[in-house]
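Notes follow the structure.
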Amino acid sequence: MSRQEIEGEQRYVARLYRRLDELREREAGRLETALSQAGTGHQALLERDVAAARHRAGISRLDSAENGLCFGRLDLLDGGRRYVGRLGIPGEDADGEPLLIDWRAPAARPFYTATGISPQGVRRRRHIRTSGRTVTGVQDELLGPDGGDGALVGEAALLAALSADRTGRMGDIVETVQAEQDRVIRSPHAGVLVVQGGPGTGKTAVALHRAAYLLYTHRERLARSVVLVVGPSPVFLRYVGEVLPSLGETSVLLSTVGELYPGVTAGGEEPPGTAEVKGRAVMAEVVAAAVRDRQHVPEGGLEAVHGRETVRLGRAECLRALERARATGLPHNRARPVFVRLVVDALARRVAEELTESVLGVLGDDGEPFAEPAPVPGEDLDAELLGEEEIEGIRRELAADAGVRAAVDAMWPSLTPQRLLADLYASPGRLASAAPRLAPAERALLERAPGSRWTPADVPLLDEAAELLGEDDRAARAAAEAERRERTALAQEALDTAHGSRSTDLEAGEEAEMLTAHDLLDAGLLAERHEEGDHRTPAERAAADRTWAFGHVVVDEAQELSAMDWRLLMRRCPGRSMTLVGDVDQAGARSGAASWGEALAPHVGDRWRLERLEVNYRTPAEIAEVAAGVLAALGTAAEPPRPVRSTGVRPWHLRVSPEELPCRLGELAAKEAVAVGEGRLAVIVPGARLAELGRAVAAAVPGAETGRDVRLEGTVAVLDVARAKGLEFDSVLLVGPEEIAAASPRGLNDLYVALTRATRRLGVVHTGELPGALARLVPYGEHGECGGHGEHGEHGGHGER
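Residue numbers (the UniProt record's numbering): 1 to 801.
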């Protein structure tokens with residue numbers, strides 16, 4: 001492209017940045033004005049905070065567009081011209097054409113979808129490359145009758161982007177979205193959308209850009225209700241964490257399922273078999289049964305010491321109270337006050353009856369006391385000695401009595417989800433009662449000592465328990481009301497003091513006619529002004545609120561979710577607006593579903609849509625060929641995604657003895673780290689050997705990250721398959737494929753995942769027989785080492801991630 005063309009684009013880009021700076025300064029001024037507002041009352045303060053938050057978000061969006069502000073231009077057949085970029089920039093004239101069109105706007109769509117066969121009114125598509133605010137190059141595609149129709153939209157720009165090294169963080173693909181990806185990104189908002197795609201098809205990138213697109217098209221609603229993005233691991237969430245902020249979107253909460261119960265850190269680990277049992281749908285019945293089991297009446301009914309007397313209530317009366325409390329339909333903790341009231345009322349009337357009989361000595365004809373039927377709780381006692389006022393006094397005494405409270409708590413205790421599950425896991429008897437449909441060996445897997453750390457598989461069960469238990473918030477509401485009354489009283493005292501010390505006109509002998517705070521404010525308004533405001537963002541509030549209803553939920557690696565995971569997520573999104581991305585052939589968790597229909601039927605029936613991604617942007621043809629052998633061994637009917645590039649470097653395998661594996665692996669990792677240069681190397685090992693082999697690599701490669709929570713900040717990372725899921729690396733050394741395949745019933749799925757993390761180079765090290773599915777690997781030393789990026793390199797945004 002001529003220098004004249006580049007200089008012309010530079011002038012326009014400079015104009016865009018000047019306008020961007022103007023808009024940023026204007027938004028900063030509006031923020032300052034909003035913060036300076038001194039309105040009175042809670043509503044005014046709320047409006048000020050809302051306005052300030054809106055302007056802060058506007059500044060954040062403008063800041064996010066600083067790099068790569070403008071990346072494209074459309075020259076139309078009618079002579080018009082549109083520039084496309086990260087956000088829309090209006091012209092200096094409010095009624096004029098925009099200077100820049102947001103990539104999500106309908107007018108920008110032809111940039112991603114126009115072809116020679118279907119030019120959509122476009123004559124030329126130009127890709128503009130920039131570094132900071134400087135234009136470094138332009139590339140043109142002619143469309144229409146004079147243009148070609150390549151398989152890839154913007155092929156030259158795409159292949160240029162493919163040459164970038166991995167950085168340990170996922171980048172956005174806003175400049176090189178392909179047509180099949182754009183179709184999914186702009187899919188209608190309502191309902192459940194499933195995006196099925198094999199490795200390297202860009203599922204994660206598409207899901208995140210779809211979240212940005214929905215926030216653009218439904219901003220007012222989704223910015224308030226927040227978009228939840230669920231990933232398979234904290235490592236994965238850190239990897240993708242910069243994508244949406246780079247697109248100017250902050251009304252998003254990123255979380256694993258294990259982080260969706262506020263106040264609980266699910267850092268424990270447990271055997272896969274235990275996690276699989278906890279993930280079954282039957283566990284919802286187990287939790288419900290565990291709750292009901294805590295609502296029980298002992299054979300002897302209630303017996304408690306009240307003062308120096310023993311008070312009793314028969315089992316039948318207690319059972320009537322229990323069933324009446326259950327009949328309210330309230331959760332356990334909210335129904336408990338009903339049960340307590342009924343039992344205490346019955347006890348009070350029994351005490352009153354006994355007191356009446358004792359005082360009056362009422363006897364029958366046979367000289368014995370009357371054997372009246374026990375009063376039904378709530379019914380009037382046919383005794384006139386004590387009135388309702390006296391009986392109410394007895395009720396208060398009984399309700400405050402420690403012995404009575406302990407007896408009632410034993411029948412219907414106040415429970416937290418944590419206590420319910422901890423007690424359940426610690427008691428084989430409770431497990432047998434609550435889980436009769438589980439085999440004894442399966443119940444044994446759930447047994448756990450009190451005080452054990454919570455695991456990610458516990459979180460959906462805790463959430464299930466929270467729904468069934470509810471929360472008796474009467475004490476909290478009473479405390480809040482008492483605090484409000486105290487603030488109001490203090491405010492009234494301050495107003496009265498100010499009024500009492502007001503100035504007077506001594507010469508006239510009359511009070512000066514002047515307004516004071518006493519005239520303008522009442523105590524309630526003054527108290528409100530001193531309330532502590534909630535300055536958290538909607539995403540921060542959503543993270544702290546278990547009952548938050550998200551406007552849209554995006555789930556990556558959705559094939560890994562258990563039945564209980566799905567129940568939790570469906571509660572978080574009552575509107576059932578979801579984007580679910582994954583690949584059932586990569587399901588490694590034992591509790592994962594075998595099909596999308598199986599996973600979704602209990603929640604939405606057949607009311608979901610399926611989109612497929614079929615082009616592999618990440619994995620070069622040489623590695624894709626090896627992975628296809630494993631896919632075939634899985635017995636699936638799915639076709640592997642179609643790779644669009646090759647590198648000329650064949651994947652290799654090397655067999656070593658078990659004794660020499662640690663040392664040899666360290667040597668190979670050090671050599672491979674040099675080969676990838678500024679890129680990233682992953683050493684993927686069997687989970688059981690992570691610590692051992694991680695130490696070996698770290699000894700040979702200083703700075704190598706290893707462990708269960710790598711941060712991907714260095715050149716080399718050692719991790720297991722579960723933590724590698726969704727990530728991508730320039731090079732992968734896969735260790736022990738035979739162990740990975742044999743480790744679980746879905747071992748081949750895990751092997752398929754591990755093989756498809758690489759964007760350029762793949763080596764396999766094994767100590768046993770190489771699995772037959774890997775027959776296409778060539779021996780080490782025969783793999784066509786070339787040390788470079790290959791023919792086309794790697795695209796920084798179109799990997800699966």
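Ideal Cβ positions, reconstructed from N, Cα and C, are used throughout, including at glycine.
As the structure is a computational prediction, the values presented were derived from the model and not from experiment.
### Query
If you run the structure through DSSP and keep just helix, strand and coil, what is His127?
Reduced to three states, the DSSP call for His127 is strand.
### Message
For the pair the stretch 766 to 775 and the stretch 727 to 738, tell me if three or more CB-CB distances fall below 8 Å.
### Response
Segments in contact, yes.
#### Entry: Start-to-end residues for the beta strand (DSSP E) that takes in Ile89
Element bounds for Ile89: n/a, residue is neither H nor E.
### Query
For the ligand ATP, any of its heavy atoms closer than 6 Å to the Cβ of Asp730?
In the structure on display, the ligand ATP does not appear, and there are no ligands present to speak of.
### Query
Where does Asp251 fall in DSSP's three states?
Residue identity check: residue 251 is Ser in the sequence provided, not Asp. Here DSSP, grouped into helix, strand and coil, assigns Ser251 to coil.
### Task
Mark Asn333 as exposed unless 16 or more other C-beta atoms lie within 10 angstroms of its C-beta, in which case mark it buried.
Buried is the call here.
### Spatially closest choice to Asp585 from Glu447, Val553, Ala426, Val630, by CA coordinates
It is Val630.
### Query
Mind checking whether Asp720 and Gly679 have CB atoms under 7 Å apart?
Cβ atoms of Asp720 and Gly679: not closer than 7 Å.
### Task
Could you give the DSSP three-state label for Leu578: helix, strand or coil?
Residue identity check: residue 578 is Met in the sequence provided, not Leu. In the structure shown, Met578 sits in a strand (DSSP, three-state: E or B).
### Message
Which residues does DSSP list as the beta-bridge partners of Phe729?
### Response
For Phe729, the pairing in a beta bridge is given by DSSP as Ala758.
### Query
When the Cα atoms are used, what is the spatial distance from Leu45 to Cys573?
Take the alpha-carbon of Leu45 and the one of Cys573: they are about 30 Å apart.
### Task
Name the two residues that bound the continuous alpha helix (DSSP H) containing Ser694.
Here residue 694 turns out to be Gly, not Ser, going by the sequence shown. Bounds of the alpha helix (DSSP H) holding Gly694 are 690 to 700.
### Query
Roughly how many angstroms separate the alpha carbons of Ser2 and Arg11, rounded to a whole number?
Taking the straight line from one Cα to the other gives about 15 Å.
#### Entry: C-beta neighbour in chain D for Arg618, strict 7 Å
Protein chain content of the structure displayed is limited to a single chain, and chain D is not contained in it.
### Task
State buried or exposed for Asp93, treating a residue as buried only when at least 16 other CB atoms are found within 10 Å of its CB.
Exposed.
### Message
Suppose you measure from the CA of Ala304 to the CA of Gly258; what does that come to, to the nearest Å?
### Response
Counting only the Cα atoms, Gly258 lies some 42 Å from Ala304.
### Neighbour-count burial assignment, Ser233, 16 or more Cβ in a 10 Å radius
Ser233 sits buried, since 16 or more C-beta atoms from the chains shown fall within 10 Å of its C-beta.
### Task
Grab the span of the beta strand (DSSP E) containing Gly197 for me, first residue to last.
Per DSSP, Gly197 belongs to the beta strand (DSSP E) from 192 to 197.
### Task
Tell me whether Val311 sits in a helix, a strand or coil according to DSSP, three-state version.
Residue state for Val311 is assigned as strand, using DSSP reduced to three classes.
### Task
Check whether the Cβ atoms of Ala290 and Ala434 sit closer than 7 Å, and answer yes or no.
A contact, by the Cβ cut-off of 7 Å.
### Query
Alpha carbon to alpha carbon, how far is Arg292 from Arg405?
The straight-line gap from Cα to Cα measures roughly 20 Å.
### Task
Leaving aside the five residues before and after Ala399 along the sequence, list all residues of the same chain whose C-beta is less than 8 Å from its C-beta, in chain order.
So the qualifying residues of the chain are Val340, Val344, Arg405.
### Task
Provide the residue(s) that pair with Gln139 in DSSP beta bridges, ordered along the chain.
DSSP output for Gln139 lists His127 as bridge partner(s).
### His535 classed as buried or exposed, judged by whether at least 16 other C-beta atoms fall within 10 angstroms
By the C-beta density criterion, His535 is exposed, having fewer than 16 other C-beta atoms within 10 angstroms.
### Task
Could you pull out every unbroken alpha helix (DSSP H) segment of at least 4 residues lying fully inside the stretch 31 to 84, listed in chain order?
You should have 41 to 64.
### Task
From the DSSP output, in three-state form, read off Asp423 for me.
Three-state result, Asp423: helix.
### Query
Given that a residue counts as buried once 16 or more other Cβ atoms are within 10 Å of its Cβ, and exposed if not, what is Val50?
Exposed: under 16 other Cβ atoms inside 10 Å.
### Query
Residue range of the alpha helix (DSSP H) that Val287 falls in?
DSSP places Val287 inside the alpha helix (DSSP H), whose first and last residues are 282 to 293.
### Query
What residues match up with Ala717 in a beta bridge as DSSP calls it?
Note: Ala717 sits in a beta bridge opposite Ala682, Glu705.
#### Entry: Residue from Ser744, Ala624, Ala53 whose Cα sits closest to the Cα of Gly592
Ranked by how close their Cα comes to the Cα of Gly592, the residues Ser744, Ala624, Ala53 have Ser744 in first place.
### Query
Across which residues does DSSP place Arg612 in a beta bridge pair?
In DSSP, Arg612 forms a bridge with Gln196.
### Query
In whole angstroms, what is the alpha-carbon distance linking Glu32 and Gly171?
Note on geometry: alpha-carbon atoms of Glu32 and Gly171 lie some 33 Å from one another.
### Message
Does residue 807 pass the burial test, meaning 16 or more other C-beta atoms within 10 Å, or should it be called exposed?
### Response
Lying outside 1 to 801, the shown extent of the chain, residue 807 is not represented and no answer is given.
#### Entry: Nearest-angstrom Cα separation, counted from Pro460 out to Ser255
Straight-line spacing of the CA atoms in Ser255 and Pro460 works out to 14 Å.
### Query
Between the Cα of Glu464 and the Cα atoms of Pro658, Lys278, Glu269, Glu25, which residue gives the shortest distance?
Measuring from the Cα of Glu464, the nearest candidate turns out to be Lys278.
### Minimum C-alpha distance to Gln178 - residue among Val615, Gly72, Lys725
Selected option, being the one with the closest Cα: Val615.
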